[in-house]
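Mind the numbering: the sequence shown is residues 157 to 316 in the working numbering, read in order.
From the three backbone atoms N, C-alpha and C, an ideal C-beta is built for every residue, glycine too.
Every value quoted in this text rests on a predicted model; they were computed, and no experiment measured them.
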Amino acid sequence: FEYQVRRFVPETIPVNVMKNIVDDLFPYNAASRPLVEQIIEKGKRLYVLDQLMPYTDDTLKIGYSKAQLDLCNDHEADIWNFFVKSELVYSIEPAINKEYIEDGPKTQVLGEGVPGYLGLYVGWQIVKKWMAKNSEVTMETLMQKNAKELFNEAGYKPKG
157 FEYQVRRFVP ETIPVNVMKN IVDDLFPYNA ASRPLVEQII EKGKRLYVLD QLMPYTDDTL
217 KIGYSKAQLD LCNDHEADIW NFFVKSELVY SIEPAINKEY IEDGPKTQVL GEGVPGYLGL
277 YVGWQIVKKW MAKNSEVTME TLMQKNAKEL FNEAGYKPKG
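Encoded structure:
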């Protein structure tokens, strides 16, 4: 599948190595956690990649095409509103949460062009917002920060 092939090209090798290192250093058990906590944990990992690989294109870090990432950036508020209105934020249903955090060619309910694992993008934006308010925090402290507290403190409300 094209969406999978994109993440297995030579340029992604350093990103995948760093992802594995971060996951080894900061293991996380997502079982039975609300969606918002799962996406924030994944967002933390993307934020750490930003710090470790500042010159690496964001498309390589998240595995989206440029068009998909642009779509997410252009419609960030709409995406978040969808999560809120659909009552997904605190969902603990594995089958529902899987749609937003696991690999896939698209987000089924939003249709073609909208990338899969959309929760990673949202979690990344929430963590960026929180870190903008807490720039003195080390990466280790960020990774140990309770996801629910981080979400509540971030005040994430994208404007669109």
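Label Q281 either buried or exposed according to how many other C-beta atoms from any shown protein chain fall within 10 Å of its C-beta, with 16 as the threshold for buried.
-> buried
On the three-state DSSP scale, how would you describe T215?
-> helix
A187 versus P250: straight-line alpha-carbon distance, rounded | 8 Å
Examine the Cβ distances between the stretch 242-259 and the stretch 194-208 and report whether three or more of them are shorter than 8 Å.
-> yes
Within the same chain, show all residues whose beta-carbon is closer than 6 Å to that of Y220, passing over the 5 residues directly before and after it, in chain order.
-> P271
So which of V161, D180, H231 and K200 has the shortest CA-CA distance to V293?
-> K200
Nonlocal neighbours in the same chain, by C-beta distance under 7 Å from N253, ignoring five residues either side | L191, Q194 and S247
Which listed residue (M209, Q160 and D213) has its alpha carbon closest to that of I177 = M209
Does any heavy atom of the ligand HEM sit closer than 6 Å to the C-beta of M174?
-> No copy of the ligand HEM occurs in the structure displayed, which carries no ligand at all.
What did DSSP end up calling T168 once you bin it into helix, strand or coil?
-> helix
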